[in-house]
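What follows is a short report on a single structure.
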Amino acid sequence: MATATNGDAKILSQDEVNKAKEEIIAGIGEDEFEDAAELDSEIQDGDGNFGVSPEEMSIIRAELACEFPEDYLYLSDAYILSVASKPYSKDPTVRRPLDYSIEKLTHVLQWRKDSQASAMVDLVKLANGPQSAPEAVENPEKLAQAKAVVTAMNYSSIYWHGFTKDGRPVLWVRTNRKPWYPDVESEIKALIAIADAGILGMPKTVTDFVCISDSTSPPPPNPSYMIALLKALVRGYPDRLNLLISAPISSIIQFVMKLLLPLMPGRLASKVLLHDVETMKEKLEDLLLNGKDDIPTFFGGPVDHDKFYPEESYCPNRGQGNLKFDYFGMIERLGKDRDEFEKLNPSK
3 MATATNGDAK ILSQDEVNKA KEEIIAGIGE DEFEDAAELD SEIQDGDGNF
53 GVSPEEMSII RAELACEFPE DYLYLSDAYI LSVASKPYSK DPTVRRPLDY
103 SIEKLTHVLQ WRKDSQASAM VDLVKLANGP QSAPEAVENP EKLAQAKAVV
153 TAMNYSSIYW HGFTKDGRPV LWVRTNRKPW YPDVESEIKA LIAIADAGIL
203 GMPKTVTDFV CISDSTSPPP PNPSYMIALL KALVRGYPDR LNLLISAPIS
253 SIIQFVMKLL LPLMPGRLAS KVLLHDVETM KEKLEDLLLN GKDDIPTFFG
303 GPVDHDKFYP EESYCPNRGQ GNLKFDYFGM IERLGKDRDE FEKLNPSK
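Residue numbers (this note's numbering): 3 to 350.
Structure, rendered in structure tokens:
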């Protein structure tokens with residue numbers, strides 16, 4: 003794999019692009035890769051639905067429950083409906099075939115099973131507990147893995163905070179806090195734990211999220227990490243990303259996009275927007291639930307995110323282990339904000 007640095011950056015060769023793309027789509031197929039995200043302009047009605055009958059929803063649920071009895075409830079009815087109602091990539095004038103939607107959802111749950119996604123929160127709890135706990139003593143390898151995942155969280159480089167005007171949770175990325183030499187496996191596991199927390203904290207009718215990146219002083223691009231990140235997004239979270247906006251624009255961010263664009267489904271790439279800081283402020287005022295009152299200080303607004311998510315050196319331990327990132331407080335705050343949003347927007 004080509005090594006990428008800011009000073010002597012290399013774009014992946016065509017052979018490396020093909021190899022990485024094969025890795026990303028392994029187990030899901032080219033059609034589903036290209037179908038990984040949909041454009042709103044391709045949706046056939048104002049609600050984004052072709053129509054899925056209760057009988058069809060029951061069939062999908064039954065298929066998933068039979069094959070994945072422990073994890074099928076992770077997929078909400080709203081998400082299943084969203085996936086099943088989308089236009090078909092081979093013919094956007096018709097709805098996705100039911101078998102195709104079942105296969106697509108099956109691939110998501112199979113990825114979760116293979117990645118042990120539902121067990122990530124248990125790793126966080128294990129790392130946050132005493133090293134004398136029976137599970138920690140009896141399984142030191144699992145404890146070491148749990149500590150590594152929590153170490154990746156402790157950078158506070160990614161977290162959920164607040165909602166958009168239409169009820170989508172907002173995932174914030176602080177690139178200046180990302181490590182220069184990431185433990186890729188632990189970083190991805192930490193991302194899964196955080197991503198799932200946001201998905202489970204969505205309002206009942208919401209199925210996707212918005213990601214906002216403060217891309218000041220990012221570390222040198224790490225192709226292995228970025229490919230693993232894209233693989234997780236495409237295979238584990240299809241139709242979940244509504245929008246990713248990033249500011250400011252820098253040579254590193256432009257290079258990252260040159261690296262990732264050849265690997266992205268076209269519809270997913272269209273959801274990534276780069277802005278300068280002033281344009282970002284305008285976008286955030288239109289996007290965030292309380293407009294300019296929700297803009298964080300690092301984009302020139304009044305809200306101090308560091309009150310909840312400071313740099314690691316300013317974080318206290320949250321329990322008896324090595325967790326410093328306020329993972330459980332994040333979940334609690336997101337839940338309260340969701341409940342308040344649903345109370346004020348009962349139709350949502």
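Backbone N, C-alpha and C define an ideal beta-carbon position, used for all residues, glycine too.
Select from V151, D198, D210 the residue whose C-alpha is nearest the C-alpha of Y81. D210
Give me the Cα-Cα distance between M266 and P136, rounded to the nearest whole angstrom. 44 Å
Taking all protein chains shown into account, decide if S159 is buried (16 or more other Cβ within 10 angstroms of its Cβ) or exposed. buried
Based on the DSSP secondary-structure assignment, which residues constitute the bridge partners of I214? W174, I247
Output needed for R97: all residues of its chain with C-beta closer than 6 Å, excluding positions within five of it in sequence on either side, in chain order. F52
Bridge partners - F165, DSSP secondary structure assignment: P171
Alpha carbon to alpha carbon, how far is L125 from K345? 33 Å
Looking only at its own chain, which residues have a Cβ that is under 7 Å from the Cβ of Y227, when we skip the five neighbours before and after it? P184, V186, E189
CA-CA distance, D341 and P205? 8 Å
Under the rule that 16 or more other beta-carbon atoms within 10 Å means buried, what is E44, buried or exposed? With a pLDDT of 42 at E44, under the threshold of 50, the modelled position of that residue is not reliable, and no figure is offered here.
Range covered by the alpha helix (DSSP H) that runs through D73: No alpha helix (DSSP H) contains D73, which DSSP labels as neither H nor E.
For A234 and I254, I'd like the C-alpha separation in whole angstroms. 22 Å
Counting only runs of 4+ residues fully inside the stretch 266–295, write out the alpha helix (DSSP H) ranges in chain order. 268–271, 279–289
Expressed to the nearest angstrom, what Euclidean distance is found between the alpha-carbon atoms of Y352 and L193? Lying outside 3 to 350, the shown extent of the chain, residue 352 is not represented and no answer is given.
Assigned exposure category for T177 - 16 Cβ within 10 Å defines buried: buried
Applying the criterion that 16 or more other CB atoms from any shown protein chain within 10 Å of the CB defines a buried residue, is S55 buried or exposed? exposed
Within 8 Å, do at least three Cβ pairs link the stretch 114–133 to the stretch 142–156? yes
Should A39 go down as buried or exposed, given a rule of 16 or more other Cβ atoms within 10 Å for buried? The pLDDT assigned to A39 is 49, lower than 50, so where the model puts this residue is not dependable; a value taken from the coordinates is nonetheless given after this. Answer is buried; the Cβ neighbour count reaches 16.
Quick one: any contact between the stretch 262–281 and the stretch 327–342, if contact means 3 or more CB pairs under 8 Å? no
Using C-beta distances below 6 Å, list every residue in its chain close to L325, excluding the 5 sequence neighbours before and after it, in chain order. A129, N130, V152
Which residue from K92, A230, I61, L261 puts its Cα closest to that of E79? Position check: residue 79 holds Asp in this sequence, whereas Glu was assumed. Nearest of K92, A230, I61, L261 to D79, Cα basis: I61.
Once you ignore the five residues that flank L111 on each side, which residues in its own chain have a CB closer than 8 Å to its CB? L66, E69, F70, D73, Y74, Y76, L77
Closest by CA to A199, which one among K21, E57, Y329? Y329
Quick check: the Cα distance between E287 and D168, rounded to an integer number of angstroms? 13 Å
How is the beta strand (DSSP E) around R97 delimited, first residue to last? 93–97
Can you give the Cα-Cα distance for E140 and S134, rounded to whole angstroms? 10 Å
I254, DSSP secondary structure in three states: helix
Give every residue of the same chain whose Cβ lies closer than 6 Å to the Cβ of D42, excluding the five residues on either side of it in the sequence, and list them in chain order. In this predicted model, D42 has a pLDDT of only 42, less than 50, meaning its place in the structure is not dependable enough to derive any value.
Taking only three categories from DSSP, how would you classify E334? helix
If I follow the unbroken alpha helix (DSSP H) through R114, where does it start and stop? 100–117
Residue interval of the alpha helix (DSSP H) (run including R237): 225–238
Since L232 and C213 should fall inside the 8 Å C-beta cutoff, what is the C-beta to C-beta distance between them, to a whole number of angstroms? So it is not a contact: roughly 13 Å between Cβ atoms.
State buried or exposed for Y102, treating a residue as buried only when at least 16 other CB atoms are found within 10 Å of its CB. buried
Proximity below 9 Å, CB of V175 to CB of H163: no
According to DSSP, simplified to helix, strand and coil, what is S349? coil
Quick check: what's the CA-CA separation for G268 versus S248? 18 Å
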